[in-house]
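Structure first, commentary second.
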Amino acid sequence: MAFSAVLLCFSNLLFAQANSTPTAIVADRKTFDETVAPFLRKYCASCHEDSSNESGVVLSGISFDLAAGVDMELWNTVLRQLHLEEMPPSDSEQPEQHEREAVMLWINVELKKSGNVSDLYSKLESPSFGNYVNHEKLFSGEITTEAFSPARLWRTSPEVFENVKSSYGPGARDFRQPFPLEGKVGIKDYANLLFADSAVVSVLMSNAACAADELVKHSAIAALDASPTDDMLASAISEHFSKVVYREPRAEEISSYSELFRKTAREGGNAEAMRLVFMAVMLHHESVYRVEIGLGEADAHGRRMLSGTEMAFAVAFALTDRRPDTQLLQAARARRLNRSADVRQQVERILQDDAIDKPRILRFFQEFFGYSQAHKVFKDEDRSGGFSYYGENYPAMYERDADFFVMNILEK
Numbered sequence: 000m001a002f003s004a005v006l007l008c009f010s011n012l013l014f015a016q017a018n019s020t021p022t023a024i025v026a027d028r029k030t031f032d033e034t035v036a037p038f039l040r041k042y043c044a045s046c047h048e049d050s051s052n053e054s055g056v057v058l059s060g061i062s063f064d065l066a067a068g069v070d071m072e073l074w075n076t077v078l079r080q081l082h083l084e085e086m087p088p089s090d091s092e093q094p095e096q097h098e099r100e101a102v103m104l105w106i107n108v109e110l111k112k113s114g115n116v117s118d119l120y121s122k123l124e125s126p127s128f129g130n131y132v133n134h135e136k137l138f139s140g141e142i143t144t145e146a147f148s149p150a151r152l153w154r155t156s157p158e159v160f161e162n163v164k165s166s167y168g169p170g171a172r173d174f175r176q177p178f179p180l181e182g183k184v185g186i187k188d189y190a191n192l193l194f195a196d197s198a199v200v201s202v203l204m205s206n207a208a209c210a211a212d213e214l215v216k217h218s219a220i221a222a223l224d225a226s227p228t229d230d231m232l233a234s235a236i237s238e239h240f241s242k243v244v245y246r247e248p249r250a251e252e253i254s255s256y257s258e259l260f261r262k263t264a265r266e267g268g269n270a271e272a273m274r275l276v277f278m279a280v281m282l283h284h285e286s287v288y289r290v291e292i293g294l295g296e297a298d299a300h301g302r303r304m305l306s307g308t309e310m311a312f313a314v315a316f317a318l319t320d321r322r323p324d325t326q327l328l329q330a331a332r333a334r335r336l337n338r339s340a341d342v343r344q345q346v347e348r349i350l351q352d353d354a355i356d357k358p359r360i361l362r363f364f365q366e367f368f369g370y371s372q373a374h375k376v377f378k379d380e381d382r383s384g385g386f387s388y389y390g391e392n393y394p395a396m397y398e399r400d401a402d403f404f405v406m407n408i409l410e411k
């Protein structure tokens, strides 16, 4: 009886599927005729009616039927130009904002119908599109909420990694660089663009295994025949954790790593268990990312300050390629990084201390202005037959001059 009921339900399902027909996707011709087409005729036709214009964009025969996938590339071009307000040209009659928005709305709706949503809006989140932010909207004052920064995870920079890898033990000399940056022009270190993808994780695991192999050779626990006490294990974990993550582990973290050790030791022995714990600590997320979540106290508007530790790392990595120094960490532990005045005091201390290397400052200007790439397009050497009497680094001399020029202005 039950089997018959199942067959009946199944046959009804098949019958329903066989008799169901997909809803036809229909283009919004009415809005096109009443709003979009008049807009194109008024503001675009004079330049884009035929192929004689410089861009080669012809709108005279553009189809309204985006839902059927017609003229997709052309409509995406129109959407981009309207959104970025690059068209109509500044010396031509400009549409009202509501006219522009009505056309963009129609294009977006029709693109969505076809299943080809524009990638323009995801691209606009890229820093390279920062200059296209609408200044009128940005400074209009229509947003009255208090300003805040989003929670962020900053991937470790290659320069920081080179400076801190020695804390991973003697095996670090064979480490490969896991955090490469693209050699493109402009600012490279953005929180929302850099992630620990599979390639990064693969190198991190290889490095961790290499370091753990060396650390185990010098581990007292790994050499024990008997099981270590909880205190011995906690002490070893805390020591390694502090060197790698640069803070004391929390009780639950010690408990988690201890459990990993005990579970592994039952089958693989103390040496293999300790090796796995060393690797796990080196793959801790705070050794891969700098955390800016906002773990401090909330203000009256619900915004949270960075915690003392978060602030210490933020200040250190804003100016240097090293983790926080002793004074920054002491200030964090003493809750002396919870106010803007406290942070300012630490920043001024670092800036005024010539013994502290601060490469991040000059690197910002090198990347922002792009002059550090000048040697790649240097023309004088070929044109003159070579400046060998200045040495092979002659083109770079101009870049160094620019560095001195920038630093001289900053010092003044």
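For the sequence shown, numbering that gives the first Met the number 0 gives the first residue as 0, with consecutive numbering after it.
The beta-carbon is built from N, C-alpha and C at its ideal position, and this holds for glycine as well.
Remember, it's a predicted structure, so these values are computed and weren't measured experimentally.
- Less than 7 Å divides the Cβ of Ile220 from the Cβ of Ala235.
- The continuous alpha helix (DSSP H) containing Val200 extends over residues Ser197 to Lys216.
- Residues Lys164, Ser165 and Ala210 of the same chain have their beta carbon placed closer than 7 Å to that of Ala171, with the five preceding and five following residues left out of the count.
- Here DSSP, grouped into helix, strand and coil, assigns Tyr167 to helix.
- For Thr325, the closest of Ala311, Asp353 and Arg274 by C-alpha to C-alpha distance is Ala311.
- Residue state for Glu291 is assigned as strand, using DSSP reduced to three classes.
- Judged by DSSP in its simplified three-state form, Arg335 adopts coil rather than helix or strand.
- Closest option to Val108, judged by alpha-carbon separation, among Asn133, Asn75 and Val342: Asn75.
- Going by DSSP, Leu275 is part of the alpha helix (DSSP H) stretching over Ala250 to Met281.
- Between Arg151 and Ala190, the C-beta spacing is below 7 Å.
- The Cβ atoms of Val280 and His239 sit closer than 7 Å to each other.
- Listed as beta-bridge partners of Trp153 by DSSP are Arg289.
- Listed in chain order, the alpha helix (DSSP H) runs fully inside the stretch 91-163 are 96-113, 119-122, 134-137 and 157-163, counting runs of at least 4 residues.
- Here Val199 is not near Pro227, since their CB atoms are 7 Å or more apart.
- Between Thr263 and Ala272 the beta-carbon gap is near 4 Å, inside 8 Å, which marks them as a contact.
- Under DSSP, Arg303 takes part in a beta bridge, and its partners are Ala297.
- The stretch 329-348 makes contact with the stretch 298-315: 3 or more CB pairs, one atom from each, lie closer than 8 Å.
- Under the three-state reduction of DSSP, Val57 is assigned to coil, being neither helix nor strand.
- When Gly182, Ser148 and Asn206 are compared, the shortest CA-CA separation from Pro169 is found for Asn206.
- Nearest Cα to Val102 within the set Leu39, Asp320, Ser91 and Pro248: Leu39.
- With at least 16 other beta carbons inside 10 angstroms of its own, Pro87 counts as buried.
- Using a C-beta cut-off of 8 Å, the stretch 315-322 makes contact with the stretch 348-361, since at least three inter-stretch Cβ pairs fall below that distance.
- Its chain contains Arg322 as the residues whose beta carbon lies nearer than 6 Å to that of Tyr245, once the 5 sequence neighbours on both sides are disregarded; these appear in chain order.
- As the crow flies, the alpha-carbon of Arg249 is around 11 Å from that of Tyr256.
- The DSSP-derived three-state label of Ala340 is helix.
- Residue range Asp229 to Val244 is occupied by the alpha helix (DSSP H) that includes Leu232.
- DSSP places Met71 in the helix class (H, G or I) of the three-state scheme.
- A direct Cα-Cα distance of roughly 30 Å separates Glu181 from Ala354.
- Between Tyr42 and Pro126 a beta carbon distance of about 30 Å is seen, past the 8 Å cut, so the two are scored as non-contacting.
- Nearest to Leu214 by C-alpha distance, out of Val243, Ser201 and Ala225, is Val243.
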